[in-house]
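In terms of my numbering, the sequence shown opens at residue 546 and continues consecutively.
Here the structure is laid out as structure tokens; the discussion comes afterwards.
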Amino acid sequence: MPPIPGAGLAKGLAVTLRTMTKKTVTAQYPDTQPELPPRSRGVIALFEENCTVCMLCARECPDWCIYIDSHKETAPAAAPGGRERSRNVLDRFAIDFSLCMYCGICIEVCPFDALFWSPEFEYAETDILELTHERDKLREWMWTVPEPPALDPGAEEPKEIAAARKTADKLQAKREQEEAAAEAAPPAEAAPPAEAAPLTEAAPPAPPAPPAPPAPTDQEGQA
């Protein structure tokens, strides 16, 4: 059957008539910002205080787009007689977002929670070289990271929290047992007061010494 002339135009006008009375869904970006879902992946943010310069993120990155520089410092002993300790100090942390494919491996392998997903996505540049952002810019994006979602009440408790709770329960049970044992023990009897030693009679005073004889005179000596 040959097509009816003007059938396509009629279908288009029918679609227009059905939708012309509905609410407009077109958002005028950037005047109207889009509502992003909670798990949006934009750029990678850095929490510098948690970074220990372990280089694990840079080694695991498949695009080799993470650049880290550091130096070592010697920390004095914490206590007298202790040993000095050396630690790594972060000098540079940069990510080249012109190479990054947003796989999230660096965030997954970070053992100290120093990297996070940020929903920020407006970082277009006119020069590709400016897509390499240093740690100051990565730190600014850290404040756009949303809080983690609340745990599902029916979900299994994380192993770390379960272990900490188990240890706390053991300490509390041990403390309660010690308090119950202390209350059940009979009170100790007070020791009788020590008897005072009897007073001894004082010795009588010694008799006075006899007087010395008088010395002989000259007349008695001549007689």
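All C-beta atoms, glycine included, are put in the ideal place defined by N, C-alpha and C.
About 20 Å separates the beta carbons of residue 674 and residue 591, which is beyond the 8 Å limit, so they are not a contact pair. Taking C-beta separations shorter than 6 Å and ignoring five residues to either side along the sequence, the partners of residue 662 in its chain run 586, following chain order.
Here DSSP, grouped into helix, strand and coil, assigns residue 588 to strand. Taking C-alpha positions only, residue 691 is separated from residue 567 by approximately 34 Å. For the region 618 to 704, the continuous alpha helix (DSSP H) assignments of 4+ residues that do not extend past its boundaries occur at 650 to 654 and 680 to 687, in sequence order. Look at residue 614 here: in three-state DSSP terms it is strand. With a beta-carbon spacing of about 5 Å, residue 639 and residue 612 fall inside the 8 Å limit used to define contacts.
Here the region 607 to 622 makes contact with the region 646 to 657; the two share three or more CB pairs at distances below 8 Å.
A residue is called buried when at least 16 other Cβ atoms come within 10 angstroms of its Cβ; residue 616 does not meet this threshold and is exposed. For residue 555, the uninterrupted alpha helix (DSSP H) run begins and ends at 552 to 564, by DSSP.
Going by beta carbons, residue 597 and residue 633 fall inside the 9 Å limit.
With fewer than 16 other beta carbons inside 10 angstroms of its own, residue 688 counts as exposed. Rounded to the nearest angstrom, the gap between the Cα atoms of residue 635 and residue 680 is 10 Å. The beta carbon of residue 602 sits closer than 7 Å to the beta carbons of 611, 651, 654, 655 and 660 from its chain, once the five residues preceding and following it are set aside; these are given in chain order.
Residue 706 is classed as exposed because its beta carbon has fewer than 16 other beta carbons within 10 Å across all chains shown. If you draw a straight line from the Cα of residue 693 to the Cα of residue 595, it comes to about 17 Å. The C-beta of residue 549 has fewer than 16 other C-beta atoms within 10 Å across all chains shown, which makes the residue exposed.
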